[in-house]
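Following the working numbering, the numbering of the sequence shown begins with 25 at its first residue and continues without gaps.
Even glycine gets a Cβ: it sits at the ideal position worked out from N, Cα and C.
Quick caveat, the model's predicted, so the values are computed rather than measured.
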Amino acid sequence: MIFDPSFYKGKRVFITGHTGFKGSWLCRILVGAGADVTGYSLPAPTEPNLFALASVQKGMTSVMGDIRAEKDLRTAFEQARPEIVFHLAAQPLVRESYRNPVDTYAVNVMGTVHLLECIRTAQAPVRSVVIITTDKVYWNQEWPWGYRENDPLDGYDPYSNSKSCSELVTHSYKNSFFADGRVAVSTARAGNVIGGGDFANDRIIPDCVRAAWSREPLVLRNPDSIRPYQHVLEPLFAYLMIAWRQYEDGAYAGCYNVGPDERDCVTTGRLADLFCREWGAELHWECRRESAAPHEANFLKLDCSKLKSVFGWKPRWHIEEAVAHTVEWTRVWMAGGDIPAEMDRQIKLYWEGEE
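Structure, rendered in structure tokens:
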């Protein structure tokens with residue numbers, strides 16, 4: 025069982041970055057499971073955004089605040105008195121990190137420090153913490169095999185490197201302050217996620233959606249780059265599983281890759297082909313390479329053997345299903361349909377499909 029909904033009923037859960045794409049889906053799952061959810065985040069960074077479209081704030085406590093503002097974060101944290109913490113707040117874009125490296129490090133490194141300080145000094149004991157990082161934390165040598173959790177960390181660009189730093193910060197706090205086992209802390213390194221409600225810049229699926237909306241060709245910068253794509257519900261249910269299991273047994277705390285099966289590590293061009301096929305003949309893509317584009321990895325793959333062997337976890341939706349569900353959500357949005365109901369339908373479909 026990857027996730028026991030009854031476990032979260034009545035549990036006090038604190039989520040940073042709850043207004044983002046992944047955070048909005050996570051809140052929807054936890055509120056549906058009966059958790060007492062508090063979110064702390066800046067307002068959603070895009071317009072439109074999933075947080076507003078799905079009225080995610082209903083049924084939870086939503087606090088607008090900056091992870092860099094330690095006093096504000098501490099106030100919200102102490103009022104929430106959480107038992108379980110999910111840290112998703114981040115500056116998550118590679119190209120933005122080249123434009124604003126200082127802010128990227130301030131959010132991704134010092135934001136993690138501020139949260140861990142709240143946990144360390146909390147009046148009410150925290151039991152379980154999951155820090156979300158990325159598959160890009162590894163020193164990427166463009167190997168044809170997947171990176172394992174014991175491979176060296178050293179992201180190239182400011183975003184990737186800042187997430188590597190946040191892993192090191194978390195490891196230091198675990199050794200220095202949580203070695204007695206009173207708080208179980210894990211980091212989760214997820215691959216690229218897709219799904220309904222992502223409107224970020226410089227991401228392939230939002231670009232697909234914008235092209236479908238405008239009825240213009242989809243433009244790809246690098247159709248040959250390979251990434252481990254997965255539907256957003258895959259890593260979220262994995263995070264929930266890790267938090268639950270380490271809450272009950274601190275021996276499960278550690279670092280975990282969360283990615284798709286090897287068959288779902290596909291090129292950007294292949295992903296665009298799948299979206300265009302699902303959408304219909306009126307959508308197609310074309311390549312426009314940038315001559316002076318900042319460095320981005322061409323090949324990246326995760327080895328998720330640890331997560332599978334420790335928890336018996338496995339991905340449920342392959343890339344074709346992930347794209348199909350993304351298109352379904354997008355069509356509901358474009359038609360002015362019931363977005364919360366569509367999210368709940370997909371969450372139920374994912375959960376009830378468990379073997």
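Spatial neighbours of R92 in its chain, beta-carbon cut-off 8 Å, leaving aside the 5 residues before and after: The residue you call residue 92 lines up with position 68 of the sequence shown. Taken in chain order, the residues that qualify are A130, V131, M134, G135, H138.
Within 7 Å, strictly: CB atoms of E380 and P241: The requested residue 380 does not occur in the structure, where the chain is confined to residues 25 to 379.
Sub-7 Å separation of D60 and R98 beta-carbons: In the sequence shown, the residue the question calls residue 60 occupies position 36. In the sequence shown, the residue the question calls residue 98 occupies position 74. No. Outside cutoff.
Rounded C-alpha distance that separates A236 from D362: Residue numbering aside, residue 236 sits at position 212 when the sequence shown is read from its first letter. Residue numbering aside, residue 362 sits at position 338 when the sequence shown is read from its first letter. Between A236 and D362, the C-alpha separation is close to 20 Å.
Contact check, A104 vs T40, beta carbons under 7 Å: Residue 104 sits at position 80 when you count from the first residue of the sequence shown. Residue 40 sits at position 16 when you count from the first residue of the sequence shown. No, Cβ-Cβ distance for A104 and T40 is not below 7 Å.
Distance between Y183 and E366 (C-alpha atoms, nearest Å): Reading the sequence shown from its first residue, position 342 is the one you call residue 366. Reading the sequence shown from its first residue, position 159 is the one you call residue 183. Each residue's alpha carbon lies about 32 Å from the other.
Distance, L326 Cα to W167 Cα: Taking the first residue of the sequence shown as 1, we reach residue 167 at position 143. Taking the first residue of the sequence shown as 1, we reach residue 326 at position 302. The alpha-carbon atoms of W167 and L326 are separated by roughly 10 Å.
Buried/exposed call for T145, threshold 16 Cβ in 10 Å: Along the sequence shown, read from residue 1 onward, the residue named residue 145 stands at position 121. Answer is exposed; the Cβ neighbour count stays below 16.
Ranges of the beta strand (DSSP E) found wholly within the region 301-354, counting only runs of at least 3: 309-311
G219 burial status per 10 Å Cβ neighbour count (16 or more: buried): Here residue 219 refers to the residue found at position 195 when the sequence shown is read from its first residue. G219 is buried by the Cβ-count criterion.
Span separating the alpha-carbon of E286 from that of Q147: Against the sequence shown, residue 286 aligns to sequence position 262. Against the sequence shown, residue 147 aligns to sequence position 123. Their backbone Cα atoms lie some 44 Å apart in a straight line.
Own chain partners of T350 with C-beta closer than 7 Å, once the 5 adjacent residues on each side are dropped: Along the sequence shown, one-based indexing puts residue 350 at 326. Within the same chain, T350 has close Cβ partners I218, G219, G220, I229.
Contained beta strand (DSSP E) runs [length at least 3] in the region 116-194, N- to C-terminal order: 152-156
C-alpha gap between I16 and Y253, whole angstroms: Examination of residue 16 is not possible in this model, given that the chain is present from 25 through 379 alone.
Neighbourhood of L307 by C-beta distance below 7 Å, restricted to the same chain and skipping five residues each side: Residue mapping note: residue 307 aligns to position 283 of the sequence shown, counting from 1. Result list for L307: A235, A236, L242, C300, in chain order.
For F38, the three-state DSSP class (helix, strand or coil): Within the sequence shown, numbered from 1, the residue matching residue 38 stands at position 14. In this structure, F38 counts as strand in the three-state DSSP scheme.
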